[in-house]
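S.K.: After the structure tokens below, expect a handful of questions from me.
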Amino acid sequence: MARKETQLIFKVTHLARWKTKVPCVLMVCIMSGASRQLALLLCSCCVAALGAQAEERCPAERHQAAQYVAAVYEHRSILSPNPLALTSRKQALELMNQNLDIYEQQVTIAAQKGVQIIVFPEDGIHGFNFTRTSIYPFLDFLPPPYLVRWNPCLEPHRFHDTEVLQRLSCMAVKGEMFLVANLGTKQPCHSSDPGCPNDGRYQYNTNVVFSSNGTLVDSYRKQNLYFEAAFNTPLEVDRITFDTPFAGKFGIFTCFDILFFDPAVRLLRDSEVKHVVYPTAWMNQLPLLAAIQIQRGFAIAFGVNFLAANIHHPSLGMTGSGIHAPLKSFWHHDMESPEGHLIIAQVAKNPQGLIGTGNATGKMDPSHSKFLKILAGDPYSEKDAQDVHCDGAPKWNTDAPPTFHSEMMYDNFTLVPVWGKEGYLQVCANSLCCHLLYQRPTLSKELYALGVFDGLHTVHGTYYVQVCALVKCGGLGFETCGQEVTEAAGIFEFHLWGNFSTSYIFPMLLTSGMTLETPDQLGWENDHYFLRKSELSSGLVTAALYGRLYEKD
4 MARKETQLIF KVTHLARWKT KVPCVLMVCI MSGASRQLAL LLCSCCVAAL GAQAEERCPA
64 ERHQAAQYVA AVYEHRSILS PNPLALTSRK QALELMNQNL DIYEQQVTIA AQKGVQIIVF
124 PEDGIHGFNF TRTSIYPFLD FLPPPYLVRW NPCLEPHRFH DTEVLQRLSC MAVKGEMFLV
184 ANLGTKQPCH SSDPGCPNDG RYQYNTNVVF SSNGTLVDSY RKQNLYFEAA FNTPLEVDRI
244 TFDTPFAGKF GIFTCFDILF FDPAVRLLRD SEVKHVVYPT AWMNQLPLLA AIQIQRGFAI
304 AFGVNFLAAN IHHPSLGMTG SGIHAPLKSF WHHDMESPEG HLIIAQVAKN PQGLIGTGNA
364 TGKMDPSHSK FLKILAGDPY SEKDAQDVHC DGAPKWNTDA PPTFHSEMMY DNFTLVPVWG
424 KEGYLQVCAN SLCCHLLYQR PTLSKELYAL GVFDGLHTVH GTYYVQVCAL VKCGGLGFET
484 CGQEVTEAAG IFEFHLWGNF STSYIFPMLL TSGMTLETPD QLGWENDHYF LRKSELSSGL
544 VTAALYGRLY EKD
């Protein structure tokens, strides 16, 4: 059974804050997984957001200064029965208003919980699988926010074909919150424009941001389209940030953008951007690219808060939303329930990063000492992909297990089986060597493998990756390594590392029942990037370092 997370928020008292009064809250998170056991996490109003230590009292000023309240909604959209068919604007609005009615209900619920910003998913209002022509009635006209200051709720007749924008604007006013949503937009162009399509208009996959008074703050047009023939790629990349009175500067991008340098990585070169809003319509693909995996990996890699709203269509493999910080996540992944889900969480205004080698404290444990000793030897003992044994390996691993190849994420990974209760392994491909130092308290009747890939991914997008991954295989045969798995029993304490050629590395740690785990330590050591973890909450599904070499795309 998929992991679920529901939040019940009880009002305790009221604190004065910006433009409204919000409850100081007692949050109860009820989690259920494959075991159907319930674990109650009581987070009182005196607990600082996302992993900070509890305080004995709940001072209003400190509470206000440290955090804000965010929501993301995983929406089960009402879809057009035939997206390829031509329809009228009236019929298109009838369908979109059904989805907007649900949005409005969620804004009302969120407002009662003191939410200051809410994010809705990509394609949540109009759906998907349109042609360029069939989507046209679903498109709103969007004047450029940097040229026109406009409040659609207060000025509904200023521009034609803006009914969706008007409703979203009025929701923001009603809820007294910032609102982020995704819709299709159109922009007329002239034949003198060399990029103007033959039908005389640009069509964009667009995110819009409204302030709490309904003003259109900004918009972002998706740059990295994912087989979206209905939309145009902007001629220039939108690099959009917006300011809020409660948490400072946010960045914004959409779905497939997360895997590319522009705009996602470039936005975060601005050190003031500590939060990202992220509408997505993501189809999960294990073992490396489930929605919540890449969302959390991005939050950890860049040390930001990541507010991700996915569409909810389990039959299409689409679920997985969350409010992610480097040290903590509130997420939802459910392949069984047909219903949408609202996540509300208190979020630190200044997210804290993980402990790296530079600021690690405390007595060094034996496993980390072994890791450092291996690195201090000859970390490049052999670059041959067939050689999985280094001269510096501990004595228990003198008989190196065999390498094999298996398809993972449509790529040809080189792997080595992980046998025994403890050991040290290496496996290489091209210039990347991946290493694993591990201990297992007990052995399970499962096959695990350490895999490496260093090359150009060419299926469902083209981009260059370097990956080190410890994965549970689908069965006991080597050919099952790389298959999609969600349940596991194997417990590990381990160091995973590699000599990556990039600094853009997304850590991924997933355990049984689609449970996100936080690494104990991450960072660079002797030109190798490593992930360290002990005390897993459940069986390991995937531990991976997913590197991107943008310049080789």
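Here the numbering used here runs 3 ahead of the position in the sequence shown, where the first position is 1. The C-beta atom is built at its ideal place from N, Cα and C for all residues, glycine as well.
Identify, in the order they occur along the chain, each residue of the same chain with its Cβ nearer than 6 Å to the Cβ of phenylalanine 259, setting aside the five sequence neighbours on each side.
M.R.: Result list for phenylalanine 259: Asn227 and Tyr229, in chain order.
S.K.: Where does tyrosine 383 sit, in a helix, a strand or coil, going by DSSP?
M.R.: With a pLDDT of 40 at tyrosine 383, under the threshold of 50, the modelled position of that residue is not reliable, and no figure is offered here.
S.K.: Assign proline 354 to one of three DSSP states: helix, strand, or coil.
M.R.: Reduced to three states, the DSSP call for proline 354 is coil.
S.K.: Measure the C-alpha to C-alpha separation of arginine 299 and proline 405 and round it to an integer number of angstroms.
M.R.: Roughly 33 Å separates the two Cα atoms.
S.K.: Hey, would you say alanine 233 sits closer than 9 Å to glutamine 190, going by beta carbons?
M.R.: No, they are not a contact pair.
S.K.: Pairing CB atoms from the region 172-191 with CB atoms from the region 120-135, are three or more of them under 8 Å?
M.R.: The answer is yes - the region 120-135 touches the region 172-191, with three or more Cβ pairs under 8 Å.
S.K.: For serine 83, collect the residues of the same chain with a Cβ closer than 7 Å to its Cβ; drop the 5 residues on either side in sequence, then sort them by chain order.
M.R.: Once the five neighbours on either side are set aside, the close Cβ partners of serine 83 are Leu98 and Gly130.
S.K.: Specify, as a first and last residue, the run of the alpha helix (DSSP H) that phenylalanine 533 falls within.
M.R.: Counting along the chain, phenylalanine 533 falls outside any alpha helix (DSSP H), though it belongs to the beta strand (DSSP E) covering 531-536.
S.K.: Suppose you measure from the CA of glycine 217 to the CA of threonine 521; what does that come to, to the nearest Å?
M.R.: Spanning the two alpha carbons is a distance of roughly 37 Å.
S.K.: Look up alanine 267 in the DSSP assignment and say whether it is helix, strand or coil.
M.R.: Note: alanine 267 maps to helix in three-state DSSP.
S.K.: Taking just the CA atoms, how far does tyrosine 413 sit from valine 493?
M.R.: Inspection of the sequence shows that residue 493 is occupied by glycine rather than by valine. Cα to Cα, glycine 493 sits roughly 25 Å from tyrosine 413.
S.K.: My output table needs one value for tyrosine 441: the three-state DSSP class, helix, strand or coil.
M.R.: Here tyrosine 441 sits in strand by DSSP.
S.K.: Given that a residue counts as buried once 16 or more other Cβ atoms are within 10 Å of its Cβ, and exposed if not, what is serine 541?
M.R.: Buried: at least 16 other Cβ atoms inside 10 Å.
S.K.: So what does DSSP say about arginine 92, is it helix, strand or coil?
M.R.: Arginine 92 falls in the helix class under three-state DSSP.
S.K.: In terms of residue numbering, what span does the beta strand (DSSP E) encompassing serine 409 cover?
M.R.: Its beta strand (DSSP E) spans residues 407-411.
S.K.: Around the C-beta of alanine 363, are 16 or more other C-beta atoms found within 10 angstroms, so that it is buried, or is it exposed?
M.R.: Because alanine 363 sits at a pLDDT of 46, beneath the cut-off of 50, its placement in the model cannot be relied upon, and the following sentence gives the value as read from the coordinates. With fewer than 16 Cβ atoms within 10 Å of its Cβ, alanine 363 is classed as exposed.
S.K.: In the DSSP output, which residue or residues are listed as bridge partners for phenylalanine 309?
M.R.: Partner(s): Val279 and His327.
S.K.: Between the beta-carbon of threonine 489 and the beta-carbon of valine 544, is there less than 9 Å?
M.R.: Yes. Within cutoff.
S.K.: If I measure Cβ to Cβ from glutamate 482 and keep anything under 8 Å in the same chain, skipping five residues before and after, which residues do I get?
M.R.: Within the same chain, glutamate 482 has close Cβ partners Ser409.
S.K.: Considering Cα atoms alone, identify which of His78, Arg272 and Ala88 is closest to tyrosine 106.
M.R.: Nearest of His78, Arg272 and Ala88 to tyrosine 106, Cα basis: His78.
S.K.: Could you check whether glycine 127 and alanine 284 sit closer than 9 Å to each other, using their CB atoms as the reference points?
M.R.: Yes, these two residues count as a Cβ contact at 9 Å.
S.K.: By Cβ distance below 7 Å, which residues in the same chain neighbour leucine 539 in space, the five residues on each side in sequence not counted?
M.R.: Cβ within range, chain order: Ile494, Phe495, Thr514 and Glu520.
S.K.: Using three-state DSSP, classify cysteine 173 as helix, strand or coil.
M.R.: Three-state DSSP puts cysteine 173 in a helix.
S.K.: Valine 75 and isoleucine 346 - do their beta-carbons sit closer together than 9 Å?
M.R.: Yes. Within cutoff.
S.K.: Alanine 491: which of Val468, His463, Ala452 and Ser447 sits nearest, CA to CA?
M.R.: For the residues Val468, His463, Ala452 and Ser447, the minimum Cα distance to alanine 491 belongs to Ser447.
S.K.: Apply the 10 Å Cβ neighbour rule to threonine 136 and answer buried if 16 or more other Cβ atoms are within range, or exposed otherwise.
M.R.: Per the 10 Å Cβ criterion, exposed.
S.K.: State the CB to CB distance for the pair lysine 252 and glutamate 275, rounded to an integer number of angstroms; the pair is presumed to be in contact (CB under 8 Å).
M.R.: Indeed they touch by this definition, with Cβ atoms about 5 Å apart.
S.K.: Assuming contact is defined by CB atoms lying nearer than 9 Å, are histidine 193 and glycine 203 in contact in what I supplied?
M.R.: Yes, these two residues count as a Cβ contact at 9 Å.
S.K.: To the nearest angstrom, how far is it from the Cα of leucine 171 to the Cα of tyrosine 149?
M.R.: Cα-Cα distance, rounded: 19 Å.
S.K.: Counting beta carbon pairs with one atom in the region 462-482 and one in the region 264-281, are three or more of them shorter than 8 Å?
M.R.: Not touching, per the Cβ criterion.
S.K.: Please name the residue in Thr247, Arg224, Asp246 and Thr244 whose C-alpha comes closest to that of proline 237.
M.R.: That would be Arg224, whose Cα lies nearest to the Cα of proline 237.
S.K.: Quick one: grab the DSSP three-state call for alanine 74.
M.R.: Residue state, collapsed to three classes: strand.
S.K.: Thinking C-alpha only, which one of Leu271, Ala302, Phe301 and Ala73 is nearest isoleucine 243?
M.R.: Cα-wise, what sits closest to isoleucine 243 is Leu271.
S.K.: Would you mind stating whether histidine 278 and valine 307 have Cβ atoms separated by less than 9 Å?
M.R.: Yes; because the gap between Cβ atoms is below 9 Å, this pair is in contact.
S.K.: Residues in its own chain within less than 6 Å of glutamine 109 by CB, not counting five upstream and five downstream?
M.R.: The residues are Tyr76 and Leu345.
S.K.: Using only the alpha-carbon positions, how far apart do leucine 440 and isoleucine 303 sit?
M.R.: Cα to Cα, the separation comes out at about 22 Å.
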